[in-house]
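There are 2 protein chains.
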Amino acid sequence: MQRNTQQRRALRKAIRLADRPLSPQEILQAGRDQIPGLGIATVYRNIRSLLDEGWLQEVELPGKPNRYELAGKHHHHHFHCKACDRVYDIDNCPGSFTDLAPHGFQLEAHDLILYGTCRGCVTEA
Amino acid sequence: MQRNTQQRRALRKAIRLADRPLSPQEILQAGRDQIPGLGIATVYRNIRSLLDEGWLQEVELPGKPNRYELAGKHHHHHFHCKACDRVYDIDNCPGSFTDLAPHGFQLEAHDLILYGTCRGCVTEA
DNA sequence: GTCGTTGCAAAGCGTTTGCAGCCTA
DNA sequence: TAGGCTGCAAACGCTTTGCAACGAC
Chain A
0 MQRNTQQRRA LRKAIRLADR PLSPQEILQA GRDQIPGLGI ATVYRNIRSL LDEGWLQEVE
60 LPGKPNRYEL AGKHHHHHFH CKACDRVYDI DNCPGSFTDL APHGFQLEAH DLILYGTCRG
120 CVTEA
Chain B
0 MQRNTQQRRA LRKAIRLADR PLSPQEILQA GRDQIPGLGI ATVYRNIRSL LDEGWLQEVE
60 LPGKPNRYEL AGKHHHHHFH CKACDRVYDI DNCPGSFTDL APHGFQLEAH DLILYGTCRG
120 CVTEA
């Protein structure tokens, strides 16, 4: 029996209002705007339960803490800014990569990550 | 001035003989076959120096420990078999993804990972 | 002999877990 | 009131770093 605590409400709101995938630390900071005493453990516990619930989606980046965004989005990929470490959604996907897989290999999924500098950091430089 | 220690020689040999990218722990185990007292810190320190040296290349997999393989290969990507957890090289790259980046974003690099089942695991099933 | 390198142990860092008290239903 | 949930702090697993001893040159 799951309870609708103010912490969970605050975290849901923070993620819903974000325009990009957030890291646990970013979620913590956003949550603390509403609940100053919010603990990091609560963030992690809620991330897990929201994932199990299917409300949240994991964005895995090599060598970086995971990011999380609302589930149910259209198939898309991500842009990782090396300067500010933020992650942005990329709307379209170049398509299928079935012909890339070696002969006899069964392709089930793919992941594409772009690296560079986001607009904000480009103009700052 | 870099020294050619038996540890470094053993690690180089282990990586050179491997037919796939190795994790630090795998490198440690392989190295201990030759030098039983080998420490994990030495493995990490040598991984770093071999990377700086350009002899070693990092293979980053989301949600997995990094792996390392001999550098100098042509630009390529990887196929990760979900069944046996092995990683395979993919020879060709679909090309540039510059048009995918949002307007104003500066694209510098990309990473493409294919997931599925390798030939060996397909025939086994 | 120098000083780069090593092994050990401790420290970081992000994440998870144990626990006593809190608060939602 | 019951028991899921919270904050704190300690525990984790992996990687990095401090340090005294070692060994390549």
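Protein sequences appear in the order of chains A and B.
To convert, note that position 125 of the first sequence is 124 in numbering that gives the first Met the number 0; the numbers rise steadily by one, no gaps.
To convert, note that position 93 of the second sequence is 92 in numbering that gives the first Met the number 0; the numbers rise steadily by one, no gaps.
A virtual CB, placed ideally from N, CA and C, is assigned to each residue, including glycine.
Local conformation of A/E59 per DSSP, three classes: As a position in the first sequence, residue 59 of chain A is number 60, starting the count at 1. Three-state result, A/E59: coil.
CA-to-CA distance, B/S48 to A/I39, given in whole angstroms: Walking along the first sequence from the start, residue 39 of chain A turns up at place 40. Walking along the second sequence from the start, residue 48 of chain B turns up at place 49. It is roughly 35 Å from the alpha-carbon of A/I39 to the alpha-carbon of B/S48.
Which runs of the alpha helix (DSSP H), 4 residues or longer, sit entirely within the segment 20-96 of chain A? 23-31 and 39-52
So is A/Y114 in contact with chain B if we call contact Cβ pairs under 8 Å? In the first sequence, the residue the question calls residue 114 of chain A occupies position 115. Yes - at least one Cβ of chain B is within 8 Å of the one on A/Y114.
I'd like to know whether the C-beta atoms of B/Q105 and A/G53 end up nearer to each other than 8 Å. Position 106 of the second sequence, counted from the start, is the residue given in the question as residue 105 of chain B. Position 54 of the first sequence, counted from the start, is the residue given in the question as residue 53 of chain A. No, the Cβ-Cβ distance between B/Q105 and A/G53 is not below 8 Å.
Near A/S22, which residues of its chain fall below 6 Å by C-beta distance, leaving aside the five closest residues on each side in sequence? The count along the first sequence starts at 1 and reaches residue 22 of chain A at position 23. Closer than 6 Å at the Cβ level, and outside the excluded window around A/S22, lie P64 and R66.
What does the alpha-carbon distance come out to for the pair A/R15 and A/R2? As a first step, residue 15 of chain A must be located in the first sequence, where it is residue number 16. As a first step, residue 2 of chain A must be located in the first sequence, where it is residue number 3. Cα-Cα distance, rounded: 19 Å.
Reduced DSSP secondary structure (H/G/I, E/B, other) of B/A13: For the purposes of this step, residue 13 of chain B is identified with residue 14 of the second sequence, where counting begins at 1. B/A13 falls in the helix class under three-state DSSP.
With DSSP as the reference, label A/T116 as helix, strand or coil. Mapped onto the first sequence, residue 116 of chain A falls at position 117. If DSSP states are grouped into helix, strand and coil, A/T116 belongs with the strands.
Do B/H109 and A/I112 have their C-beta atoms within less than 8 Å of each other? Taking the first residue of the second sequence as 1, we reach residue 109 of chain B at position 110. Taking the first residue of the first sequence as 1, we reach residue 112 of chain A at position 113. A contact, by the Cβ cut-off of 8 Å.
In angstroms, rounded to a whole number, what distance separates the CA positions of A/G71 and B/L69? As a first step, residue 71 of chain A is located in the first sequence; it is residue number 72 there, counting from the start. As a first step, residue 69 of chain B is located in the second sequence; it is residue number 70 there, counting from the start. So the alpha carbons of these two residues sit roughly 40 Å apart.
Could you give the distance in angstroms between the alpha-carbon of B/L50 and the alpha-carbon of A/I26? By 1-based counting over the second sequence, the position of residue 50 of chain B is 51. By 1-based counting over the first sequence, the position of residue 26 of chain A is 27. Spanning the two alpha carbons is a distance of roughly 34 Å.
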